[in-house]
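Data first, discussion second: the structure below is written as structure tokens.
Protein chains in written order, with my numbering: chain A, -19 to 82; chain B, 9 to 507.
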């Protein structure tokens, strides 16, 4: 069996759905952020698969590189924020962090 | 290649000025150490220099630079002016904010980040490539996450930044997935090429609809439209007031600029010519009219109805800003140049009235230590100037004549009526009536209830009053003499790559 575009798209669809599921169901802030990383990587797989099999230009691969860099920047900031949250609240459970809203 | 880059840099001066001043402020912060409040003045100078370069660009017309990544046109210049003005005011506010001054960490990084945020929003207004759109969106989002949590010893602020980054990162991730589908369908990231591909080839409709919805998530989060608004109340309440003010005006303006450009360049069908002048027709495949109308009605209605029961003034204004996103989306729903001009007029007015309202909250919170509406009782007698200014801002937000807010709403509704979208105009008017109730509740507390027995008059420095007047006077005068802003907005709808 030849691995083609549709296999990659299927994989990225699954990754996207898993990421979304993780964000919605997980209560630990770190795990929520991991779900978001999965979504970004799902998009990356799409970009590279389209660039490779769609006969398109290098745009897709370029985009994927930028997304990887941004994901790292985002993770750095998110972890700093979560660290600060832990100092303040002594927990990283997003359900218990609701001082706002009354 | 090198030649085009050199050509492009010539048109990239405002952004370059921001990048250079960002670096300078970071370095100055290291050297100044204890006296790093001076960086505020550096930031103000940086903004004035950027403004000078922007004025210079008023004559270049439309240009596409950096290999069609970025466009310079009257439309982006208009929104850059809005963003720059609000950053200027916000830095002025921060100089007098007790919440920010006198912290051990100082305010140097804060000023540097505001300049970086301004740069991100500048890039959002001109981005004509999906890669650039994503990068600009992330640059402005990442800096806002940090700024929302800048007072990191406060629990509120930390919580605000956590909620902001979770919602923001999720929305931009979903948007990125939508972009990847668009890329797969059309083979390009450049908006003009995507447009060509959508016109010429028949693409898979189901995939296009999914991609469209995913991309709307990203835009909806940035302009805080319902149902992507969940971060707004918490972030607006928890973040420092100055940052809330910046997010509510500049960030929203940048989001709208990006959304309008994205729809207009990518999805407008030039072939349909039998519409009236200035009217647009959307390409088949994704019904933007319907999606925007739904977002608009939901944002207005939910924003206004939830605002009715709020006790914290910042939170109340957060819901009010969601409702205002709904009003402004009405201008997009009509898909005409008149509607876009109305949105732009509204933004000029919104800039003054909303910044003003947040400024009053900041001044009062610094003195009485509370943002609760009940603690505003009798404030009109304790400080008549603040009371009267807040009255003007809130009446303007409602849209009562003769304040500027009325003119903004007038143009929005007249755009709706000339495009014959009567049902939406009626929903908009009904919502304005609902909003009167909660704005007036604040006014009633300030003027019709007696202050607490031991309440002292509040005192403000001359500079603080001057800044307040800089916001009150336009809010009032633009309601009486509005021809210049209307003409400026109508002259600024020209966009690169759109006939």
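Even for Gly, the Cβ is constructed at its ideal location relative to N, Cα and C.
Every value quoted in this text rests on a predicted model; they were computed, and no experiment measured them.
Report the residue from the options whose alpha carbon sits nearest the alpha carbon of residue i.
i: residue 131 (chain B); options: B:91, B:113 and B:96; result: B:91
i: residue 80 (chain A); options: B:172, B:364, B:88 and B:155; result: B:172
i: residue 143 (chain B); options: A:60, A:53 and A:58; result: A:53
i: residue 49 (chain A); options: A:71, A:61 and A:17; result: A:17
i: residue 464 (chain B); options: B:183, B:155 and B:388; result: B:388
i: residue 385 (chain B); options: B:118, B:501, B:279 and B:448; result: B:448
i: residue 332 (chain B); options: B:45, B:312, B:254 and B:297; result: B:312
i: residue 288 (chain B); options: B:401, B:339, B:136 and B:41; result: B:339
i: residue 103 (chain B); options: B:44, B:137 and B:139; result: B:44
i: residue 21 (chain B); options: B:263, B:321, B:88 and B:83; result: B:88
i: residue 451 (chain B); options: B:164, B:315, B:398 and B:342; result: B:398
i: residue 438 (chain B); options: B:376, B:309 and B:410; result: B:309
i: residue 305 (chain B); options: B:68, B:128 and B:431; result: B:431
i: residue 336 (chain B); options: B:215, B:358, B:317 and B:163; result: B:358
i: residue 160 (chain B); options: A:78, A:-14, A:77 and A:68; result: A:68
i: residue 188 (chain B); options: A:62, A:19 and A:-17; result: A:19
i: residue 478 (chain B); options: B:101, B:12, B:59 and B:33; result: B:101
Quick check: the Cα distance between residue i and residue j, rounded to an integer number of angstroms?
i: residue -19 (chain A); j: residue 227 (chain B); result: 41 Å
i: residue 134 (chain B); j: residue 190 (chain B); result: 20 Å
i: residue 37 (chain B); j: residue 109 (chain B); result: 14 Å
i: residue 471 (chain B); j: residue 49 (chain B); result: 14 Å
i: residue 415 (chain B); j: residue 193 (chain B); result: 43 Å
i: residue 355 (chain B); j: residue -12 (chain A); result: 44 Å
i: residue 484 (chain B); j: residue 406 (chain B); result: 13 Å
i: residue 503 (chain B); j: residue -7 (chain A); result: 36 Å
i: residue 444 (chain B); j: residue 41 (chain A); result: 52 Å
i: residue 500 (chain B); j: residue 42 (chain B); result: 44 Å
i: residue 155 (chain B); j: residue 124 (chain B); result: 11 Å
i: residue 73 (chain A); j: residue 183 (chain B); result: 26 Å
i: residue 65 (chain B); j: residue 252 (chain B); result: 30 Å
i: residue 14 (chain B); j: residue 74 (chain B); result: 9 Å
i: residue 56 (chain B); j: residue 39 (chain B); result: 23 Å
i: residue 323 (chain B); j: residue 370 (chain B); result: 13 Å
i: residue 64 (chain A); j: residue 118 (chain B); result: 17 Å
i: residue 351 (chain B); j: residue 200 (chain B); result: 24 Å
i: residue 16 (chain B); j: residue 269 (chain B); result: 20 Å
i: residue 375 (chain B); j: residue 466 (chain B); result: 7 Å
i: residue 51 (chain B); j: residue 263 (chain B); result: 23 Å
Name, in chain order, the residues that DSSP records as bridge partners for residue i.
i: residue 290 (chain B); result: B:276
i: residue 380 (chain B); result: B:320
i: residue 344 (chain B); result: B:287
i: residue 362 (chain B); result: Residue 362 (chain B) pairs with nothing; no bridge assigned.
i: residue 453 (chain B); result: Beta-bridge pairing links residue 453 (chain B) to no other residue.
i: residue 135 (chain B); result: B:78
i: residue 73 (chain A); result: A:8
What are the boundary residues of the beta strand (DSSP E) that includes residue i?
i: residue 56 (chain A); result: Taken as a continuous stretch (DSSP letters only), residue 56 (chain A) belongs to no beta strand (DSSP E), being part of the alpha helix (DSSP H) at 39 to 69.
i: residue 72 (chain B); result: 71 to 73
i: residue 80 (chain B); result: 78 to 80
Residue i lies in the alpha helix (DSSP H); which residues open and close that run?
i: residue 501 (chain B); result: Per DSSP, residue 501 (chain B) belongs to no alpha helix (DSSP H) and is neither H nor E.
i: residue 171 (chain B); result: 163 to 194
i: residue 204 (chain B); result: 199 to 208
i: residue 15 (chain A); result: 9 to 33
i: residue 242 (chain B); result: 239 to 246
i: residue 390 (chain B); result: 387 to 390
i: residue 60 (chain B); result: 46 to 64
i: residue 423 (chain B); result: 412 to 426
i: residue 1 (chain A); result: -15 to 5
i: residue 228 (chain B); result: 213 to 230
i: residue 21 (chain B); result: 21 to 40
i: residue 478 (chain B); result: 470 to 485
i: residue 315 (chain B); result: 296 to 315
i: residue 18 (chain B); result: 10 to 18
i: residue 251 (chain B); result: 249 to 254
Comparing the C-beta of residue i with each C-beta of chain C, is any distance below 9 Å?
i: residue 196 (chain B); result: Within the model displayed, chain C is absent; protein chains A and B are what it includes.
**Item:** Residues of the region 309 to 322 of chain B whose Cβ lies closer than 7 Å to any Cβ of chain A, in chain order
**Value:** Residues of the region 309 to 322 of chain B with a Cβ closer than 7 Å to any Cβ of chain A: none.
**the region 27 to 40 of chain A: positions lying closer than 7 Å to chain B by Cβ** = Residues passing the 7 Å Cβ filter: 27, 30, 34, 36, 39 and 40.
**Near-chain A residues of the region 138 to 161 of chain B (beta-carbon distance less than 7 Å), N- to C-terminal order** = 139, 143, 146, 150, 153, 154, 157 and 160: these are the residues of the region 138 to 161 of chain B whose beta carbon lies less than 7 Å from some beta carbon of chain A, given in chain order.
**Prompt:** Taking Cβ-Cβ distances below 9 Å as the criterion, which residues of the region 56 to 81 of chain B are in contact with chain A?
**Reply:** Within the region 56 to 81 of chain B, no residue qualifies.
**Request:** Identify each residue in the region 19 to 41 of chain B for which the Cβ-Cβ distance to at least one residue of chain A is less than 8 Å, and report them in chain order.
**Result:** Result list empty, no residue passes.
**Asked** Quick one, which residues of the region 177 to 190 of chain B are near chain A if we go by CB-CB under 8 Å, in chain order?
**Response** Within the region 177 to 190 of chain B, the qualifying residues are 177, 178, 181, 182, 184, 185, 187, 188 and 189.
**Prompt:** Using a Cβ cut-off of 9 Å, which residues of the region 89 to 114 of chain B contact any Cβ in chain A, in chain order?
**Reply:** Of all residues in the region 89 to 114 of chain B, none places a beta-carbon less than 9 Å from a beta-carbon of chain A.
**Asked** In the region 427 to 456 of chain B, which residues sit with their C-beta less than 8 Å from some C-beta in chain A, listed in chain order?
**Response** Listed by position, the residues of the region 427 to 456 of chain B near chain A (Cβ gap below 8 Å) amount to none.
**Message:** For the region 226 to 256 of chain B, list every residue whose C-beta sits within 8 Å of some C-beta in chain A, in sequence order.
**Reply:** Here the close residues are 241, 242, 245 and 246.
**Request:** Please name the residues in the region 472 to 488 of chain B whose beta-carbon is closer than 7 Å to at least one beta-carbon of chain A, in chain order.
**Result:** Residues passing the 7 Å Cβ filter: none.
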